[in-house]
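In what follows, a structure is listed as structure tokens, so that the remarks can point back to it.
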Amino acid sequence: MARARRLDRSSDNPYPHGEQVEFQYEGRPMLGQAGEPLAVALLAGGVRIFGRSIKYHRPRSPFCLHGHCSGCLLRVDGLPNVRSCRTALRAGMQVERQLGWPGSGRDLFRTLDWVYGERLDHHSLLTSSGTLARMAMGFVRKMAGFGHPPTAEPGPPAPKRRMSVPAVVIGAGLAGLHAAVELGQAGHRVVVLEAEELAGGRLCDASCKLAGATGWAARRELLSRLSALPGVELRLGTPALAVYGDQAVLQVLAAGPDETLALEPQRLVVATGAYAPLPQFEDNDLPGVLGPRALDRLVCGHGVLPGEPVLIAGDAQETLELAAALVERGIALAGLVTDRPEPELPAQLRTAKVPRVAGHRILRARGGRWVQRVELAPAGRETPDLVLDCGLVAAEAPAAPAFELAHHAGCRVVFRSALGHLVQTDAEGHTSHGQVLAAGHCAGAGSAEEARLQGQRAGLACALGLKDEPGLRQRLAALKA
Ligand code: FES
0 MARARRLDRS SDNPYPHGEQ VEFQYEGRPM LGQAGEPLAV ALLAGGVRIF GRSIKYHRPR
60 SPFCLHGHCS GCLLRVDGLP NVRSCRTALR AGMQVERQLG WPGSGRDLFR TLDWVYGERL
120 DHHSLLTSSG TLARMAMGFV RKMAGFGHPP TAEPGPPAPK RRMSVPAVVI GAGLAGLHAA
180 VELGQAGHRV VVLEAEELAG GRLCDASCKL AGATGWAARR ELLSRLSALP GVELRLGTPA
240 LAVYGDQAVL QVLAAGPDET LALEPQRLVV ATGAYAPLPQ FEDNDLPGVL GPRALDRLVC
300 GHGVLPGEPV LIAGDAQETL ELAAALVERG IALAGLVTDR PEPELPAQLR TAKVPRVAGH
360 RILRARGGRW VQRVELAPAG RETPDLVLDC GLVAAEAPAA PAFELAHHAG CRVVFRSALG
420 HLVQTDAEGH TSHGQVLAAG HCAGAGSAEE ARLQGQRAGL ACALGLKDEP GLRQRLAALK
480 A
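Residue numbers are given in numbering that gives the first Met the number 0: position 270 of the sequence shown equals residue 269, and the series is strictly consecutive.
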């Protein structure tokens with residue numbers, strides 16, 4: 000299996016890339032690029048195990064690179080449980096792993112996997128006796144936990160600012176940015192809150208295509224339109240923490256880098272996107288198994304390839320485009336595994352010599368500290384008929400809509416078997432809450448095109464809620480036709 004390496008980056012790459020800096024990892028010096036996520040610098044430096052599962056003590060490594068899986072938690076500058084995929088690298092950082100005995104790299108408690116073949120269930124551990132159960136619980140608590148308390152003194156609390164604004168958009172992904180553009184063009188003041196340091200959501204993926212253009216080009220064009228609108232304020236690195244929709248005044252609480260914001264909008268557009276869930280196969284938590292979007296960010300965005308050859312599993316157009324993007328960058332593919340027997344392939348894949356396994360799915364991943372091979376089975380069968388060696392796996396799973404903030408605001412959430420829980424909206428993006436609209440993945444949009452359209456409609460409907468104008472009505476009707 001190939002070692003981690005850095006790739007050349009194209010000039011239109013939207014990800015930040017600073018000068019080389021030194022930092023300390025478990026007492027030894029390492030190098031990375033200032034401003035890139037700490038997790039990316041560590042993967043580029045060959046670090047594979049970032050921590051341990053608090054329950055099973057199995058090794059953990061970044062899976063989502065999006066702040067949602069906890070596979071990348073580290074102790075940074077004395078502060079425990081820092082999401083290293085969300086932490087920009089700085090010179091002189093002190094980084095340590097934080098869980099496992101005698102260490103995260105080799106954790107003897109991993110033997111629990113063999114002792115308890117069916118997994119250790121602490122709810123039923125030694126429950127035949129009250130005394131034994133209390134001792135067992137004490138032991139389990141000691142084994143688990145998230146590192147040790149911080150050594151550094153907490154800084155002063157961030158100042159809080161209250162702001163009344165006509166509109167707030169939560170999420171600067173494809174749908175959120177389009178909603179903000181519509182609001183800005185209609186002459187309204189709008190604050191856009193984005194948890195990440197980079198706006199664009201799926202437009203930052205090399206695998207994203209929108210109306211024939213690459214996601215990166217569409218993102219550039221959209222951001223330049225946004226920056227020309229004086230009423231739009233884009234706040235990056237500012238996650239919305241809560242929405243209080245049952246108050247007399249709608250309230251959004253957000254944590255900026257230097258201040259806490261208490262926003263009071265007349266209207267709110269929720270465009271919070273979706274999460275990448277673990278794919279469904281045995282040992283899906285093995286380091287080296289990533290979500291396709293995480294692989295896209297890591298390899299195409301940050302230019303870091305932690306293992307090779309890469310196995311891609313999935314039929315969605317974005318997944319196939321990702322495989323094509325890797326081939327274009329000269330990366331070896333161990334295979335392209337598709338459920339469908341004849342998926343429509345991007346041109347690069349039709350001409351490249353990529354081993355294709357159609358009508359199959361991953362049954363299990365194999366490897367100790369990092370994925371080394373996958374076992375594949377035909378649809379409907381539980382015994383593998385093929386084993387492929389690989390150094391990295393990206394396997395597709397249906398994205399889970401991020402409905403929580405809308406739900407918190409009091410919007411109705413519904414369950415759809417193909418999509419999961421999502422915010423219920425009408426064709427214009429109105430939710431069951433009179434002041435809140437929703438658009439994009441969190442409201443069930445599948446493709447990038449659908450997310451764009453939903454964002455535009457929700458932005459226009461939101462603008463109409465603030466001020467009725469016939470021109471906006473016509474434009475909204477045209478988008479719904
Ligand atoms: S939370 Fe950092 S990789 Fe998932």
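For every residue, glycine included, the Cβ atom is placed at its ideal position computed from N, Cα and C. As the structure is a computational prediction, the values presented were derived from the model and not from experiment.
When the beta-carbon positions are compared, residue 458 and residue 241 stay at least 8 Å from each other. Residue burial annotation: residue 208 is buried, with at least 16 other C-beta atoms found within 10 angstroms of its C-beta. Look at residue 416 here: in three-state DSSP terms it is coil, with no helix or strand label. Within its own chain, the residues whose Cβ lies closer than 7 Å to the Cβ of residue 404, once the five positions on either side in sequence are excluded, are 169, 239, 242, 269, 271, listed in chain order.
In the three-state reduction of the DSSP assignment, residue 370 falls in the coil class, being assigned neither a helical nor a strand state. Cβ-Cβ distances below 8 Å link residue 255 to 157, 234, 236, 237 in the same chain, with the five nearest sequence neighbours on each side left out; the list follows chain order. Taking non-hydrogen atoms of ligand 1 into account, the C-beta of residue 52 is found less than 7 Å away from none of them. Residue 163 sits in a strand when the DSSP states are folded into three classes.
Between residue 112 and residue 57, the C-beta spacing is below 8 Å.
Out of 456, 391, 423, 411, the CA that lies nearest to the CA of residue 3 is found in 391.
Sequence-distant partners of residue 131 (beyond 5 residues in either direction) whose C-beta falls short of 8 Å from its own C-beta, in its chain, are 125.
Within the same chain, and ignoring the five residues on either side of residue 91 in sequence, the residues whose Cβ sits closer than 7 Å to its Cβ are 22.
The alpha-carbon separation between residue 332 and residue 352 amounts to approximately 9 Å.
Contact between the segment 64-78 and the segment 87-105 is present: 3 or more CB-CB pairs across the two stretches fall below 8 Å. In this chain, residue 324 is not harboured by any beta strand (DSSP E); it is covered by the alpha helix (DSSP H) spanning 316-327.
Distance between residue 183 and residue 167, taken at the CA atoms: about 11 Å. Annotated as proximal: residue 38 and residue 83, with beta-carbon spacing under 8 Å. Around the CB of residue 305, 16 or more other CB atoms lie within 10 Å, so the residue is classed as buried.
Straight-line spacing of the CA atoms in residue 250 and residue 193 works out to 17 Å. Using a cutoff of 7 Å, the CB of residue 67 counts as near ligand 1, since one of the ligand's heavy atoms is closer than that.
DSSP, reduced to helix, strand and coil, places residue 400 within a strand of the structure shown. DSSP lists no beta-bridge partner residue for residue 222. One thing to note: residue 218 has its Cβ no nearer than 8 Å to the Cβ of residue 230.
When rounded, the separation of the alpha-carbon atoms in residue 164 and residue 357 is 52 Å. Separation of residue 335 and residue 274 (C-alpha to C-alpha, rounded to the nearest whole angstrom) is 23 Å. The nearest non-hydrogen atom of ligand 1 is less than 7 Å from the C-beta of residue 70. Counting C-beta pairs closer than 8 Å gives three or more between the segment 8-24 and the segment 292-302, which meets the contact rule. The Cβ neighbour count for residue 281, taken over all protein chains shown within 10 Å, is under 16; the residue is labelled exposed. DSSP places residue 2 in no alpha helix (DSSP H); its state is neither H nor E.
Comparing C-alpha distances from residue 399 to each of 258, 389, 393, 420 shows the shortest one belongs to 420.
Note: residue 86 is not bridge-paired with any residue in the DSSP secondary-structure output. Looking at the DSSP output, residue 22 bridges to 29. Residue pairing for residue 234: DSSP places it in a beta bridge opposite 192. Note that the C-beta distance between residue 154 and residue 79 is not below 8 Å. Beta-bridge partners of residue 208 (DSSP): 213. Residue 265 holds the alpha-carbon nearest to the alpha-carbon of residue 466 among 478, 140, 321, 265.
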